[in-house]
Each structure stands twice: as structure tokens, then as C-alpha cells.
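Colleague: Heads up, the sequence shown is in the UniProt record's numbering, so the first residue is 1 and it goes up one at a time. Just so it is clear, CB atoms sit at the ideal spot from N, CA and C, and this is done for glycine as well. What you are looking at is a predicted structure, and each value in this text was computed from that prediction instead of being measured.
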Amino acid sequence: MGDRSVGRSGVLVIGLGRFGAALAETLEKLGTDVLAMDTRRDLVQEFSGRLTHVVEADATQMDALLQVGAADFAVAVVGVGSSLEDSVLITANLVDLGKPVIWAKAISTAHGKILERIGAHHVVFPEADAGQRVAHLVNGRLIDYIEFDDGFAIVKMHPPRETQGYTLEESDIRAKYGVTVVGVKSPGRDFTYATPKTMVTPHDLLIVSGHTELIERFSNRP
């Protein structure tokens with residue numbers, strides 16, 4: 001049923017809804033071997049032309065997971081969200097296999113707690129995460145925003161007026177705001193890592209890292 005050669009360092013993606021499909025296609029573009037599986041024949045047929053390895057199989061059944069060699073995969077992603085029961089059962093089956101590192105999609109806090117308790121290594125909340133990210137983008141001059149679990153973020157942003165026309169040493173952003181300018185992208189030029197002598201112009205984009213609250217404060221400067 002599956003191609004066992006995909007296992008070992010590959011990723012097993014269970015569920016080809018919007019989350020699972022986007023994940024599988026992005027992983028393949030990044031050069032990762034992926035085996036995607038879903039119970040819906042129409043989805044399997046649709047993605048058979050877009051993904052290298054797709055199978056129609058029911059991951060709530062341990063036999064189906066064994067047939068596709070699920071235990072050989074380094075990582076398994078449970079992207080099933082329409083049925084909480086199926087999500088929990090699939091995750092439990094993967095836990096019983098004992099091998100893959102399990103990433104599971106949750107549609108609520110309660111769902112996430114259940115997945116964690118039965119043994120999922122990572123629980124993700126795609127809608128909540130996307131909502132938080134977009135809120136940061138909508139709410140200021142941020143162009144891109146990535147937040148990590150410990151409240152640390154990296155952002156792309158337009159420079160506040162007080163930094164324009166000065167070197168990073170002169171504007172002393174780190175001392176004033178507790179954030180670090182990692183790099184600067186000038187129009188028509190390649191990204192460059194920032195140094196104290198880097199001059200900031202009104203047309204530049206800054207790559208800034210630091211604690212989320214401090215970045216928010218800095219990004220809201222006029």
C-alpha cells in the first residue's frame with residue numbers, strides 16, 4: 001500500500017485537509033520525503049498528481065498504519081481535525097507504535113490537552129497561531145512576524161523615524177528598547193547582517209529579534 005522507502009527520515013502526513021495538504025506540499029518543496037494518507041478517495045486522487053506518495057488508508061486502524069510502514073517514519077503529523085475521535089485514535093495508534101515523533105493538530109484547548117496526555121510530542125493550533133500572527137501584522141508596521149514558544153520573536157518591519165538617517169550605533173536601539181537589529185534590507189540590494197556602523201534609511205526594512213512585548217513597543221514607535 002505504501003512506499004516503505006519513504007520512511008526512516010521521512011514524514012507521514014495523515015489527513016489531507018487544508019492544514020495537512022499545505023504541510024505535505026511545503027515539506028516536499030523543502031526536499032523532505034513525504035507519504036500522505038487520507039480516507040477520502042477524492043482527496044487522494046486530487047493530490048496523487050501533486051504529491052509523490054499518496055495512499056488511501058484509514059489511520060484509525062492499526063493494520064493500515066502497519067501496512068504503510070508508519071513505524072519507519074521519523075515524524076508523523078496528525079492533520080485530522082473534523083473528527084476529534086479520529087484524531088485521538090490515530091494519535092494513540094502512533095503512540096503505540098513507539099517510533100515517530102508525533103505532531104498533532106488541535107481544534108480546541110481541550111482537544112490539545114487530550115492529545116498531549118495520550119502522548120503527542122507536539123500539539124499545534126493552526127487557527128489560533130495564524131490569528132495571533134495576523135493580529136501582529138494588522139496592528140502595526142510589521143511586515144512579517146514569527147513567534148517562538150518562549151515569547152521570543154523575529155520580525156521584518158519598517159524603521160521608526162528616530163532610527164532613519166542614523167547608524168545603529170548612533171540610534172542605540174538595543175539599549176533603548178531591548179531588541180536587536182539582526183539585519184537590514186535596502187531596496188535593490190541583498191540582505192546584509194547589521195553592524196554598529198550600518199546606516200538606516202527610510203526605505204530600508206529591518207530584521208529585528210527580541211522579546212515579543214519589547215518588539216511590539218519598538219514597532220509601534222512613529
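Does the distance from the C-beta atom of L94 to that of A76 stay below 7 Å?
Modeller: As a first step, residue 94 must be located in the sequence shown, where it is residue number 94. As a first step, residue 76 must be located in the sequence shown, where it is residue number 76. Contact flag set, yes.
Colleague: On the premise that I14 lies in contact with A98, defined as a C-beta separation below 8 Å, what is that separation, rounded to the nearest angstrom?
Modeller: The count along the sequence shown starts at 1 and reaches residue 98 at position 98. The count along the sequence shown starts at 1 and reaches residue 14 at position 14. This sequence places Gly at residue 98; Ala is not what is there. That belief does not hold up - the Cβ atoms of G98 and I14 are roughly 17 Å apart, past 8 Å.
Colleague: For Y145 versus V138, is the C-beta spacing smaller than 7 Å?
Modeller: Mapped onto the sequence shown, residue 145 falls at position 145. Mapped onto the sequence shown, residue 138 falls at position 138. Taking 7 Å as the Cβ cut-off, Y145 and V138 do not qualify as a contacting pair.
Colleague: By how many angstroms is the C-alpha of W103 removed from the C-alpha of H121?
Modeller: In the sequence shown, residue 121 corresponds to position 121, counting from 1. In the sequence shown, residue 103 corresponds to position 103, counting from 1. Going by the C-alpha atoms only, they are around 6 Å apart.
Colleague: What does a CB cutoff of less than 8 Å around K113 pick up in its chain, not counting 5 residues either side in sequence?
Modeller: Counted from its first residue, the sequence shown places residue 113 at position 113. The answer is none, since no qualifying residue turns up.
Colleague: Rounded to whole angstroms, what is the Cα-Cα separation between D3 and R133?
Modeller: Walking along the sequence shown from the start, residue 3 turns up at place 3. Walking along the sequence shown from the start, residue 133 turns up at place 133. Model confidence at D3 stands at a pLDDT of 47, short of 50, so the residue's coordinates are unreliable; what they give is reported in the following sentence. Answer to the nearest angstrom: the Cα atoms are 37 Å apart.
Colleague: Tell me the start and end of each unbroken alpha helix (DSSP H) in the UniProt domain "RCK C-terminal" (140–222) that is at least 4 residues and wholly inside, in chain order.
Modeller: Segments of the alpha helix (DSSP H) lying fully in the UniProt domain "RCK C-terminal" (140–222): 168–171, 173–177, 212–219.
Colleague: Report the residue ranges of all alpha helix (DSSP H) runs contained in full by the UniProt domain "RCK N-terminal" (8–124); include only those spanning at least 4 residues, in chain order.
Modeller: Counting whole runs of 4 or more residues, the UniProt domain "RCK N-terminal" (8–124) contains the alpha helix (DSSP H) stretches 18–29, 41–47, 62–67, 84–97, 109–118.
Colleague: So, L142 versus G178, is the Cβ gap smaller than 7 Å?
Modeller: Residue mapping note: residue 142 aligns to position 142 of the sequence shown, counting from 1. Residue mapping note: residue 178 aligns to position 178 of the sequence shown, counting from 1. In this structure, G178 does not lie closer than 7 Å to L142 by Cβ.
Colleague: Considering only C-alpha positions, which residue in the set R117, E116, T109, G17 is nearest to A128?
Modeller: Walking along the sequence shown from the start, residue 128 turns up at place 128. The residue among R117, E116, T109, G17 with its C-alpha nearest the C-alpha of A128 is T109.
Colleague: Suppose contacts are defined by Cβ-Cβ distances below 7 Å. Is H111 in contact with L84 by that definition?
Modeller: Taking the sequence shown and counting its residues from 1, the one referred to as residue 111 is at position 111. Taking the sequence shown and counting its residues from 1, the one referred to as residue 84 is at position 84. Yes, the pair counts as a contact, with Cβ atoms nearer than the cut-off.
Colleague: Straight-line CA distance for R117 to T91?
Modeller: As a working note, residue 117 is residue 117 in the sequence shown. As a working note, residue 91 is residue 91 in the sequence shown. Roughly 11 Å separates the two Cα atoms.
Colleague: Going by CA-CA distance only, name the one from D63, R50, S9, L43 that's closest to K29.
Modeller: Start at 1 with the first residue of the sequence shown, and residue 29 comes out as number 29. Selection D63, R50, S9, L43 evaluated against K29 yields R50 as nearest (Cα-Cα).
Colleague: For S82, collect the residues of the same chain with a Cβ closer than 8 Å to its Cβ; drop the 5 residues on either side in sequence, then sort them by chain order.
Modeller: Taking the first residue of the sequence shown as position 1, residue 82 is located at position 82. Apart from sequence neighbours up to five positions away, the residues of its chain that approach S82 with a beta-carbon distance below 8 Å are G17, ordered along the chain.
Colleague: Can you give me the C-alpha to C-alpha distance between T60 and D86, rounded to a whole angstrom?
Modeller: Residue numbering aside, residue 60 sits at position 60 when the sequence shown is read from its first letter. Residue numbering aside, residue 86 sits at position 86 when the sequence shown is read from its first letter. Taking the straight line joining both Cα atoms gives about 6 Å.
Colleague: Please check the pair T180 and R174, which I expect to be a contact at CB under 8 Å, by giving their CB distance rounded to whole angstroms.
Modeller: Translated into the one-based positions of the sequence shown, residue 180 becomes position 180. Translated into the one-based positions of the sequence shown, residue 174 becomes position 174. Going by Cβ atoms, the distance from T180 to R174 rounds to 6 Å, so yes, they are a contact pair.
Colleague: Quick one, which of V44, V68, L65, G31 has its alpha-carbon nearest A21's?
Modeller: One-based indexing of the sequence shown puts residue 21 at position 21. If we check each option's Cα against that of A21, V44 comes out closest.
Colleague: Excluding the 5 residues preceding and the 5 following T163 in the sequence, name in chain order all residues of the same chain whose CB lies nearer than 7 Å to its CB.
Modeller: Here residue 163 corresponds to residue number 163 of the sequence shown, with the count starting at 1. Once the five neighbours on either side are set aside, the close Cβ partners of T163 are S171, I173, V200.
Colleague: Do you know how far the Cα of A57 is from the Cα of residue 259?
Modeller: Nothing about residue 259 can be read from this structure; the chain reaches only from 1 to 222.
Colleague: Could you round the C-beta distance between V184 and S209 to whole angstroms and report it? I think they count as a contact, below 8 Å.
Modeller: The count along the sequence shown starts at 1 and reaches residue 184 at position 184. The count along the sequence shown starts at 1 and reaches residue 209 at position 209. Contact doesn't hold; Cβ gap of about 13 Å is too wide.
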